[in-house]
Each structure stands twice: as C-alpha cells, then as structure tokens.
Amino acid sequence: MSLAPQASAPPASTSQPLIVLDKVCKSFGSHEVLHDIDLTVDRGEVVVVIGPSGSGKSTLCRCINRMEVASSGSITLDGVPLPQEGRALARLRAQVGMVFQSFNLFSHRNVLDNVTLAPIKVRGIPRKQAEATARELLDRVGIGDKADQLPAQLSGGQQQRAAIARALAMEPKVMLFDEPTSALDPEMINEVLDVMRELAASGMTMVVVTHEMGFARTVANRVVFMDGGRIVETAPPEEFFANPKSERARDFLGKVLSH
1 MSLAPQASAP
11 PASTSQPLIV
21 LDKVCKSFGS
31 HEVLHDIDLT
41 VDRGEVVVVI
51 GPSGSGKSTL
61 CRCINRMEVA
71 SSGSITLDGV
81 PLPQEGRALA
91 RLRAQVGMVF
101 QSFNLFSHRN
111 VLDNVTLAPI
121 KVRGIPRKQA
131 EATARELLDR
141 VGIGDKADQL
151 PAQLSGGQQQ
161 RAAIARALAM
171 EPKVMLFDEP
181 TSALDPEMIN
191 EVLDVMRELA
201 ASGMTMVVVT
211 HEMGFARTVA
221 NRVVFMDGGR
231 IVETAPPEEF
241 FANPKSERAR
251 DFLGKVLSH
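In terms of UniProt numbering, the sequence shown has 22 at position 22, counting the first letter as 1, and numbering is strictly consecutive.
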C-alpha cells in the first residue's frame with residue numbers, strides 16, 4: 001500500500017498551488033500572533049516551518065485547517081476558500097490531516113478504533129473496509145501488531161505513529177505536523193521522522209512545524225523561517241542553511257546548530 005494521497009475528487013487545477021495564504025493575520029485580543037502571512041504550498045511539496053518559540057508557527061498550522069480562525073486575510077485549499085462553519089467546513093477539514101505534539105488519541109479506545117472512527121463517522125466508510133485500510137496503514141507505520149492495544153500500552157513514538165495512521169486514514173490532500181516529535185524521548189524521535197520521510201518520498205503535500213533541523217535540511221523542498229509572527233525569509237534548505245539572508249535567521253541557526 002502506498003502512503004501517497006488519494007484525493008476523493010480531482011483537484012480543481014493541477015497548476016495552482018494546493019494551499020494559498022493571502023495577507024493572513026491572527027490576533028488573540030490585543031496580541032497579534034500572525035502578521036500579513038503570504039504563503040503558497042504546491043502539490044507534493046514539503047514545507048518546513050522553523051523559528052523560535054512564540055513566533056506563530058503552530059498558530060499558522062492551526063489556521064490552515066481552521067482550528068484557529070484568521071482575524072483577516074484569506075486561506076484557500078485546492079482553490080476553495082475555507083468555509084466559515086458547518087458541513088462544508090467539516091468536508092474541507094477532512095482533506096487536511098493534522099498531527100499534534102501530544103498525540104490526542106482516544107485513551108479509552110484501542111488503536112484500531114482510533115484509526116477507523118473518523119472514516120466511519122465522517123466519510124461513511126463501511127466498518128470492514130475502514131478496518132482493512134487501518135490495518136494496512138498501521139503496518140506501514142510499523143505498529144501493525146499494536147492494533148488491539150490501548151494508547152497507554154504504547155510508547156510515545158508508537159502513539160505518534162498511530163496518530164499519523166489516523167490522519168492518513170481520511171486520505172487527506174495535505175498533512176500538517178505541529179512539532180510532532182517535541183513530546184518524545186530522544187530515542188523515539190527517529191522512528192516518527194522515518195515515517196514522515198516516507199510520506200514525503202511518496203509525494204504527500206506536507207507542512208511541518210519542527211525544531212528538527214536535520215529533517216528540515218534533508219527532507220524539505222522549502223524552509224520558511226518565522227519570527228515575531230512574520231515570515232522573515234523562505235528558501236530551499238541548501239540555500240537557507242548555507243547562507244541565510246537575514247541577521248535574525250543567522251542568529252537563530254547559530255544557536256540551534258551549536259547544540
């Protein structure tokens with residue numbers, strides 16, 4: 001089984017970007033978290049978003065699938081503006097897989113149920129078909145033998161791989177990763193990054209917020225550096241890591257790469 005995306009409907013146009021953010025701002029009260037964000041993500045592209053804590057990276061991710069509502073500006077997915085609410089929003093959100101830092105698995109349900117619940121309830125997939133797909137996905141992420149276990153019986157790395165399988169079960173057009181390894185012990189990080197590398201190699205469109213500079217350097221098609229709620233610069237990884245243009249990016253890399 002391939003981990004490549006399988007869209008339920010043909011894209012509006014293969015030439016247009018899959019995701020477009022135009023002048024997106026987000027404020028919480030008087031605190032502006034995102035300021036005039038312009039960003040496009042092409043089909044099959046892996047965009048890695050890096051920057052210091054508090055720079056707006058996670059909020060950017062959450063705005064893309066409307067877990068947070070942008071204060072102004074527009075976001076489109078596959079040529080369709082993000083709906084405000086209701087069934088249209090649920091349908092569009094189903095096309096955007098989201099993997100969080102804290103797994104967010106249902107603790108009282110086993111791994112198989114965690115992966116099949118949304119396809120059955122949201123997409124109306126017959127249980128037998130959903131379970132067959134879920135078992136294939138669990139095999140692909142390396143935890144096929146954990147299908148009947150509860151999340152508490154899994155390591156952190158195994159829980160995160162289950163969360164990735166759960167997102168993939170909806171056959172999304174894009175996968176968003178919000179610091180997916182930050183809650184993991186060091187020895188578990190690579191097992192999750194390996195799954196993400198395979199996803200990228202399969203052609204999945206991905207937006208990844210991470211502090212893993214090695215992943216950004218070797219897997220990203222493009223690195224986006226944020227600071228203070230703004231995109232400071234964006235460049236291919238070989239260019240960004242070898243010769244960052246902004247003083248802020250040079251200072252950031254000097255600190256994170258020295259550890």
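Glycine included, C-beta positions come from ideal geometry on N, C-alpha and C. Computed from a predicted structure; not experimentally measured.
**Q.** Whole-angstrom distance between ALA183 and SER258, CA atom to CA atom
**A.** 22 Å
(Q) Taking the alpha-carbon of THR40 as reference, which of GLY157, ALA235 and GLN153 has the nearest alpha-carbon? (A) ALA235
Q: State buried or exposed for GLN153, treating a residue as buried only when at least 16 other CB atoms are found within 10 Å of its CB.
A: exposed
Q. According to DSSP, which residues form a beta bridge with ASP178?
A. VAL209
Q: Can you give me the Cβ contacts of ARG109 inside the same chain, cut-off strictly under 6 Å, excluding the 5 residues immediately before and after it?
A: none
Q | 7 Å CB neighbourhood of SER27 in its chain, flanking five on each side removed | A | VAL33 and SER71
Q. Can you give the Cα-Cα distance for PRO10 and LYS255, rounded to whole angstroms?
A. Bear in mind that a pLDDT of 40 at PRO10, under 50, signals an unreliable position, so the number given afterwards is only what the model happens to contain. Rounded to the nearest angstrom, the two C-alpha atoms are 44 Å apart.
Q | Sufficient close CB pairs (3 or more, under 8 Å) joining the region 81 to 93 to the region 36 to 52 | A | no
Q: Starting from ASP139, follow the alpha helix (DSSP H) in both directions and report where the run begins and ends.
A: 127 to 140
**Q.** Within 7 Å, strictly: CB atoms of VAL96 and PRO180
**A.** no
Q) Is PRO186 buried or exposed, if buried means 16 or more other CB atoms sit within 10 Å of its CB? A) exposed
Q.
Is the separation between the beta-carbon of residue 276 and that of ASP36 shorter than 7 Å?
A. Because the chain here runs from 1 to 259, residue 276 falls outside it and cannot be looked at.
Q | The alpha helix (DSSP H) enclosing GLU238, as first and last residue numbers | A | 237 to 242
Q: Select from ASN104, ARG91, MET204 and SER107 the residue whose C-alpha is nearest the C-alpha of PRO119.
A: ARG91
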